[in-house]
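Undergrad: Sharing a structure below in structure tokens format, with a few things to ask.
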Amino acid sequence: MRSAASKTLMAHCMKSFRIKTHRLESSYQQPHFFILNKGLNSGKPLNNACPNCFVCLTDNQEDREFLFWLCFGLWRSKSFHYLLKGSVIPFVTIDEIRKLIRESSTKASCKAQAFQKAIQALQLLDTNEQKIKVTLKMIDTARQAIFYDLMKEAGAG
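Laid out in structure tokens, this is it:
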């Protein structure tokens, strides 16, 4: 049995959330995000729904942000990979996702300062990654344009 102090600490550290299977026709009023549940990217948090995902519902925006970035960190560190089942299309079960998020949330909440530092680093890296992707897309477009102009001048295009 837990002591009263232990229960108080757990209540303080635990973030309130519910995870359920997303239905395409459903809409949600409370803060939420989606978690991919099929494929090698299972566990990836998403802002927009897709056919194969769970929805994580929270009581407030602060808990939503905390849990979104917790899932992002777990996904990036491949923590969901050992939960994958299935040989053709790998998937994760809702109960295993709940358990992993609950355990990780408790650990992260009780080490709030270190968790915030890690989240800020993840956000910065994610922003830089998006910028690099845009740059690479522009480089690819420039390559196509250069070759297209070359072929046009040569009368081949």
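Numbering (UniProt numbering), first residue to last: 1 to 157. We treat Cβ as the ideally placed atom computed from N, Cα and C, and that holds for glycine. Quick caveat, the model's predicted, so the values are computed rather than measured.
1) Please state the DSSP three-state secondary structure of Val134.
2) What's the C-alpha gap between Ile35 and Glu153?
3) Between the beta-carbon of Leu24 and the beta-carbon of Pro51, is there less than 9 Å?
4) Fully enclosed by the segment 97-148, which alpha helix (DSSP H) runs are 4 residues long or longer?
5) Going by beta carbon distance, what residues of the same chain come within less than 8 Å of Lys7, once the five residues before and after it are set aside?
6) Looking only at its chain, what residues have a beta carbon closer than 8 Å to the beta carbon of Leu83, apart from the 5 residues adjacent to it on each side?
7) How close, in whole Å, do the beta carbons of Leu74 and Phe17 come, if the pair is a contact with beta carbons under 8 Å?
8) To the nearest angstrom, how far is the alpha carbon of Ser77 from that of Ala118?
9) Could you check whether Lys15 and Val55 sit closer than 9 Å to each other, using their CB atoms as the reference points?
10) From Asn60 to Lys131, what distance separates their C-alpha atoms?
TA: Concretely, from the data shown:
1) Three-state result, Val134: helix.
2) In a straight line, the C-alpha of Ile35 is about 50 Å away from that of Glu153.
3) Contact flag set, yes.
4) You should have found no qualifying run.
5) With a pLDDT of 44 at Lys7, under the threshold of 50, the modelled position of that residue is not reliable, and no figure is offered here.
6) Counting only Cβ-Cβ distances below 8 Å, and skipping sequence neighbours, we find Ser42, Gly43, Val92, Thr93, Glu96, Ile97, Leu100.
7) Contact between Leu74 and Phe17 is ruled out by a C-beta separation of about 14 Å, above the 8 Å threshold.
8) Whole-angstrom Cα-Cα distance: 12 Å.
9) Taking C-beta atoms as the reference points, Val55 and Lys15 fail to come closer than 9 Å.
10) In this model, Asn60 and Lys131 are separated by some 30 Å (Cα to Cα).
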